[in-house]
Amino acid sequence: MITIRPADQDDAGQIAPLINMIFDEMQLEELDDIPEPDLEQAITAAYRTPDYLSGKATTVVAEADGQVVGVAFGYPDKNEDAVDDVLARVTADNDAFGSAFEAEAESYEHEWYLDSIAVDPNYQGHGIGGKLLAALPQYARQAGQQRIGLNVDMANLGAKKLYDRYHYETVGIKPIGDRMYFHMQYELDKELVFA
Numbered sequence: 001m002i003t004i005r006p007a008d009q010d011d012a013g014q015i016a017p018l019i020n021m022i023f024d025e026m027q028l029e030e031l032d033d034i035p036e037p038d039l040e041q042a043i044t045a046a047y048r049t050p051d052y053l054s055g056k057a058t059t060v061v062a063e064a065d066g067q068v069v070g071v072a073f074g075y076p077d078k079n080e081d082a083v084d085d086v087l088a089r090v091t092a093d094n095d096a097f098g099s100a101f102e103a104e105a106e107s108y109e110h111e112w113y114l115d116s117i118a119v120d121p122n123y124q125g126h127g128i129g130g131k132l133l134a135a136l137p138q139y140a141r142q143a144g145q146q147r148i149g150l151n152v153d154m155a156n157l158g159a160k161k162l163y164d165r166y167h168y169e170t171v172g173i174k175p176i177g178d179r180m181y182f183h184m185q186y187e188l189d190k191e192l193v194f195a
């Protein structure tokens, strides 16, 4: 049985490898020389902060048999700088980075931005990504937003199909690092039922 719930500090160590999968897929040049344990340590530190859990951002996890098997992380666009500052702070304290990691702006105005969503490879294909997506509108509404936005790598057609199935629409194209992404949005007033 899969449970979708807000993350807490104790989940950070299980969230880190899932988020690290996203960083690996993004192939960010500035992270190429960072040893994986150091990157996961920084990610873990970020997901232990109140700002990442339920302050400036919201982290939601999918749990199966007491294990975190999926994560979704997002925030209102106006909080993007504050959220990025958390990662800059925790990487500045880690000698492997040399200097603070500076994230690029990714959100569009007037949206609750889904920064990251990941599912453990051993649990993919079981509808967990869809369950995480279905949980997000309540958090966007609580933050006063009427749309959810996200970026999906133009080369990741499987992920794009998932978002298309959940009625996200492509509204632009955004470069992040050396790659191009579709920027997609879901309007909350559609009131669709997710299966």
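Counting along the sequence shown from 1, when you hit position 54 you're at 54 in UniProt numbering, and nothing is skipped either side. Just so you know, even glycine gets a beta-carbon here, dropped at the ideal spot from N, CA and C.
- The Cβ atoms of Ala72 and Ile117 lie closer than 8 Å to each other.
- Note on Glu36: under 16 other CB atoms within 10 angstroms of its CB, so exposed under the neighbour-count rule.
- For Asp65, the closest of Tyr123, Lys131, Gln138 by C-alpha to C-alpha distance is Tyr123.
- Counting the other Cβ atoms within 10 Å of the Cβ of His110 gives fewer than 16, which makes it exposed.
- Annotation: Thr58 to Val90 spans about 18 Å, alpha carbon to alpha carbon.
- Boundaries of the alpha helix (DSSP H) harbouring Asn20: 12–26, taken from the DSSP string.
- Around the beta carbon of Met154, fewer than 16 other beta carbons sit within 10 angstroms, so the residue counts as exposed.
- Scanning its chain for C-beta atoms nearer than 8 Å, with the 5 sequence neighbours on each side dropped, one finds around Arg147 the residues His110, Glu111, Trp112, Ala140, Gln185, Tyr186, Glu187, Leu188, in chain order.
- The beta carbon of Arg48 lies closer than 8 Å to those of Gln9, Ala12 in the same chain, with the five residues before and after it left out.
- Beta-bridge partners of Ile173 (DSSP): Phe182.
- In this structure, Ile4 places its C-beta atom within 8 Å of the C-beta atom of Ala62.
- The three-state reading of DSSP puts Gly158 in helix, counting H, G and I together.
- The three-state reading of DSSP puts Glu104 in coil, since its state is none of H, G, I, E or B.
- In the three-state scheme derived from DSSP, where H, G and I count as helix and E and B as strand, Asp120 is classed as coil.
- Taking C-beta separations shorter than 8 Å and ignoring five residues to either side along the sequence, the partners of Val83 in its chain run Asp51, Tyr52, Lys56, Ala57, Tyr75, Asp115, following chain order.
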